[in-house]
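Report on one structure; see the data block that follows.
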Ligand code: 4AD
Ligand code: MG
C-alpha cells in the first residue's frame, strides 16, 4: 500500500509540508466544479474534523475520465503539492497531480447528502454515520477520554484489573441482569422444580455483569488501588436519553479510603478529563459549541474552575421542596431523585456540578457503609448540568456484623457471597470506590442530548442492530 500522510498530521505540520509533494487518502465529502475549469474536492480521512481542499484542474490530461466519476462518499488517493490557499476557509490546499479511485459511490443512492440529517435517521445507518462530522468528533473525543482515564489512574499508581463479563452476582441488586445460558429456550420447563441450571454451562445461573465493583474490591484489598474499565450491561427497560443496555464504566476501588477521599478522587478525575478535552480536542469542542450546544464550553469551564458543591441528600430534598418548582414526581425523603430533580439542583439551584452524599439506606445497594444514624449510607452521586448523575459510588461496609445485617435486610443470600463476606473476616479495611459512566462523560463534553449518539452501536430496548 502506498504510504500517505494523515490529514491531521498535514495540518499539524503545515509549515513543513508547504511546497512539498504529499499523498493523502480518504473519502470525498463534496466535489464542485468552478467555471474556471477547476474541480474542488473536499477530502476527509477521519483523523480530524477538517477536510483537506484538493484542487484538480479539469484540463489535466489524466483527469478527464476520472473527475466525472468522483462523487460524495467515493474513496481516493490523491498526490500533489501543498500550497498556501487563497481561500479564507483553509490555510493550505493540495494541487492534485495524481488521483486514484479506490471505491466509487453511487450518488443516486449514497445516504449522506450535504444537508444536515436527523440523529434518528443517522442511527439507522450506523455503518455510515461514522463518516459524519458529528460522529467523527464524538469518536475522537471518546477515544481521547478513554486514554485519559487510563493515564489518570496509571499516573497515580492504580492497577488496571480485568474483571469478568460473565458473573454469578448482581452487584447492584436491582435485578436488571441479562441471563447468560446455553440452555435451549424450552429446557426451563422441564424438570418440574428441580435445579434446571444443573445442566447449564456453568451449573448455576449466570449473567452479564452490571458492574465490576465486587471483583475490584477483592483486588483493592490486596493491591491497594485498582480500577476496572469495561462494558457493563443492564436490562432496565428505560428508554431514556441517558440509559443504554450496554455501556462502558470505569470503576476505581481504593483501600484505606473513606467517603471524603473518594469524593476528592471523583472530582479530580472529572476535572482532569475536562482539562484534556480543552487542551487536546480543541477543534472538535469548537464544533460542538457551534452546532450542538452554544453554552457548552462555558458550562464545562465552570465545572473545571469551581470547587464542587457537596450536599447531604436530606439537605437536597429540603432545597428541592423549597424550590417552588412543580415536579412531575413530587419529591420526599426516602425517594430516589429523578432526572428533573437532578436538573433543578445542577442547572438552577447550584449552576454547576453537585455531589450528593448520605442517601437513605433503603434505596441503595447492600454493600454501602451504614452511617451512625443507621438510616443513611455513605453513598455519593456526582451530578452535572444537562446529564444528571455521572458518577455513583460509596464507602463500602467493612464491618462484618453490619454487612451481614445489611444482607439479611436486603435478602442477599449469604452462601453466594461467601467470598465477599470473607474479605471482612480476613484483614478488612475501610475502602471506597465509584463508577463513572463513559457515555455520560462523553455526553457532558459534547453537549449531545441523547446517549445513543455517543457510542458507536447503541443497545437499547428493541435495538441491537449492527
Ligand atoms: O450508580 P451506578 O449504578 O453504580 C455502580 O454500578 C457502582 N457499582 C459503581 C461503583 O461504585 N464501583 O452506576 C455508575 C455510573 C452512573 O453514575 C452512570 O454514569 C453510569 O454508571 N450508568 C449508566 N450509563 C449508561 N446507561 C445506563 N443504563 C447506566 N447506568 C449507570
Ligand atoms: Mg447510581
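Numbering (our numbering), first residue to last: 0 to 465. Even glycine gets a Cβ: it sits at the ideal position worked out from N, Cα and C.
Identify the continuous beta strand (DSSP E) that holds residue 231 and give its terminal residues.
Translated into the one-based positions of the chain shown, residue 231 becomes position 232. Unbroken beta strand (DSSP E) run through residue 231: 224 to 232.
Where does residue 327 sit, in a helix, a strand or coil, going by DSSP?
Within the chain shown, residue 327 is the residue found at index 328, counting from 1. Correct three-state label for residue 327: coil.
Using the C-alpha atoms, what's the distance from residue 347 back to residue 478?
What the structure shows of the chain is the stretch from 0 to 465, and residue 478 is not part of that stretch, so it cannot be assessed.
By the DSSP assignment, the alpha helix (DSSP H) with residue 281 in it spans what residues?
Numbered from its first residue, the chain shown carries residue 281 at position 282. Here the alpha helix (DSSP H) through residue 281 covers 281 to 290.
What whole-angstrom Cβ distance do residue 344 and residue 446 have, given they're in contact under 8 Å?
Position 345 of the chain shown, counting from 1, holds the residue named residue 344. Position 447 of the chain shown, counting from 1, holds the residue named residue 446. Between residue 446 and residue 344 the Cβ distance is about 20 Å, and since that is not below 8 Å, they are no contact.
Whole angstroms is fine: what's the gap from residue 219's alpha carbon to residue 289's?
As a working mapping, residue 219 is identified with position 220 in the chain shown. As a working mapping, residue 289 is identified with position 290 in the chain shown. Near 43 Å, if we compare the C-alpha coordinates of residue 289 and residue 219.
Determine the direct distance from the alpha carbon of residue 36 to that of residue 469, and round the result to whole angstroms.
Because the chain spans 0 through 465 in this model, residue 469 falls outside it and cannot be assessed.
So if DSSP puts residue 74 in a beta bridge, which residue, or which two residues, is it bridged to?
Here residue 74 corresponds to residue number 75 of the chain shown, with the count starting at 1. Its beta-bridge partners are 26, 102.
Could you pull out every residue in the same chain whose Cβ sits closer than 6 Å to the Cβ of residue 212, ignoring the five residues on either side in sequence?
Position 213 of the chain shown, counted from the start, is the residue given in the question as residue 212. The residues are 170, 250.
Residue from 80, 159, 102 with nearest C-alpha to residue 226
Taking the first residue of the chain shown as 1, we reach residue 226 at position 227. Comparing Cα-Cα distances from residue 226 to each of 80, 159, 102, the minimum goes to 159.
Enclosing beta strand (DSSP E) for residue 15 [first to last residue]
Taking the chain shown and counting its residues from 1, one reaches residue 15 at position 16. Per DSSP, residue 15 belongs to no beta strand (DSSP E); it is in the alpha helix (DSSP H), 13 to 16.
Tell me whether residue 345 sits in a helix, a strand or coil according to DSSP, three-state version.
If you number the chain shown from 1, residue 345 lands on position 346. If DSSP states are grouped into helix, strand and coil, residue 345 belongs with the helices.
Could you tell me which of 94, 439, 93, 139 sits nearest to residue 281, measuring between CA atoms?
Position 282 of the chain shown, counted from the first residue, corresponds to residue 281. Among 94, 439, 93, 139, the Cα nearest to that of residue 281 belongs to 139.
Rounded to whole angstroms, what is the Cα-Cα separation between residue 42 and residue 50?
As a working mapping, residue 42 is identified with position 43 in the chain shown. As a working mapping, residue 50 is identified with position 51 in the chain shown. Roughly 5 Å between the two C-alpha positions.
Could you give the DSSP three-state label for residue 165: helix, strand or coil?
Locating residue 165 in the chain shown gives position 166, where the first residue counts as 1. Reduced to three states, the DSSP call for residue 165 is strand.
Report the rounded CA-to-CA distance for residue 78 versus residue 96, giving the unit in angstroms.
Residue 78 sits at position 79 when you count from the first residue of the chain shown. Residue 96 sits at position 97 when you count from the first residue of the chain shown. Each residue's alpha carbon lies about 6 Å from the other.
Euclidean distance between Cα positions of residue 471 and residue 385:
With the chain covering 0 to 465 only, the question about residue 471 has no answer from this structure.
Is the closest heavy atom of the ligand 4AD to the C-beta of residue 233 under 6 Å?
To locate residue 233, count along the chain shown from 1; it is residue 234. Correct: residue 233 has its Cβ closer than 6 Å to the ligand 4AD.
Using the Cα positions of residue 414 and residue 406, report the straight-line distance between them to the nearest angstrom.
Here residue 414 refers to the residue found at position 415 of the chain shown. Here residue 406 refers to the residue found at position 407 of the chain shown. One C-alpha to the other measures close to 11 Å.
Excluding the 5 residues preceding and the 5 following residue 273 in the sequence, name in chain order all residues of the same chain whose CB lies nearer than 8 Å to its CB.
Within the chain shown, numbered from 1, the residue matching residue 273 stands at position 274. Contacts found: 299, 302, 303, 444.
Pairing CB atoms from the segment 128 to 146 with CB atoms from the segment 414 to 426, are three or more of them under 8 Å?
no
Taking the alpha-carbon of residue 502 as reference, which of 23, 236, 342, 224 has the nearest alpha-carbon?
Here the chain has residues from 0 to 465 only, and residue 502 is not among them.
Same chain only: Cβ atoms within 8 Å of residue 165, ignoring 5 sequence neighbours per side
As a position in the chain shown, residue 165 is number 166, starting the count at 1. Closer than 8 Å at Cβ, skipping near neighbours: 179, 201, 205, 206, 207, 208.
Quick one: Cα of residue 6 to Cα of residue 291, how far?
Here the question's residue 6 lines up with position 7 in the chain shown. Here the question's residue 291 lines up with position 292 in the chain shown. Cα to Cα, residue 6 sits roughly 24 Å from residue 291.
Starting from residue 43, trace the beta strand (DSSP E) both ways and give me its first and last residue.
Indexing the chain shown from 1 puts residue 43 at position 44. Note, residue 43: beta strand (DSSP E), 37 to 43.
Could you please give the first and the last residue of the uninterrupted alpha helix (DSSP H) stretch that includes residue 358?
The sequence position of residue 358 within the chain shown is 359, counting from 1. Premise fails: residue 358 lies in the beta strand (DSSP E), 353 to 359, not in any alpha helix (DSSP H).
Secondary structure of residue 444, DSSP reduced to three states:
Counting from 1 along the chain shown, the entry for residue 444 is found at position 445. Reduced to three states, the DSSP call for residue 444 is helix.
Buried or exposed: where does residue 255 fall if 16 or more other Cβ atoms within 10 Å of its Cβ makes it buried?
Sequence index remark: in the chain shown, residue 255 carries index 256 (1-based). Residue 255 is exposed by the Cβ-count criterion.
Under a Cβ-count criterion, where at least 16 other Cβ atoms within 10 Å of its own Cβ denotes burial, should residue 442 be classed as buried or exposed?
Here the question's residue 442 lines up with position 443 in the chain shown. Its Cβ being crowded by 16 or more others within 10 Å, residue 442 is buried.
Do residue 81 and residue 14 come within 7 Å of each other at the CB atom, strictly closer than that value?
Taking the chain shown and counting its residues from 1, the one referred to as residue 14 is at position 15. Taking the chain shown and counting its residues from 1, the one referred to as residue 81 is at position 82. No, they are not a contact pair.
Start-to-end residues for the beta strand (DSSP E) that takes in residue 433
Walking along the chain shown from the start, residue 433 turns up at place 434. Counting along the chain, the beta strand (DSSP E) containing residue 433 begins and ends at 430 to 436.
Count the other CB atoms, across all protein chains shown, that sit within 10 Å of the CB of residue 519; report buried if there are 16 or more and exposed otherwise.
Because residue 519 is not part of the residues shown, which for the chain are 0 to 465, the question remains open.
Using a strict less-than 7 Å threshold between each residue's beta carbon and the heavy atoms of the ligand MG, what residues do you get?
380, 388, 391
Take residue 426 and list the residues in its own chain whose beta-carbon comes closer than 8 Å to its own, dropping the five residues that flank it on each side.
By 1-based counting over the chain shown, the position of residue 426 is 427. Excluding positions up to five away in sequence, the list reads 220.
Do residue 85 and residue 243 count as a contact pair if the criterion is CB distance below 7 Å?
Counted from its first residue, the chain shown places residue 243 at position 244. Counted from its first residue, the chain shown places residue 85 at position 86. Cβ atoms of residue 243 and residue 85: not closer than 7 Å.
Heavy atom of the ligand 4AD within 6 Å of residue 456 beta-carbon
To locate residue 456, count along the chain shown from 1; it is residue 457. Flag unset: Cβ of residue 456 not near the ligand 4AD.
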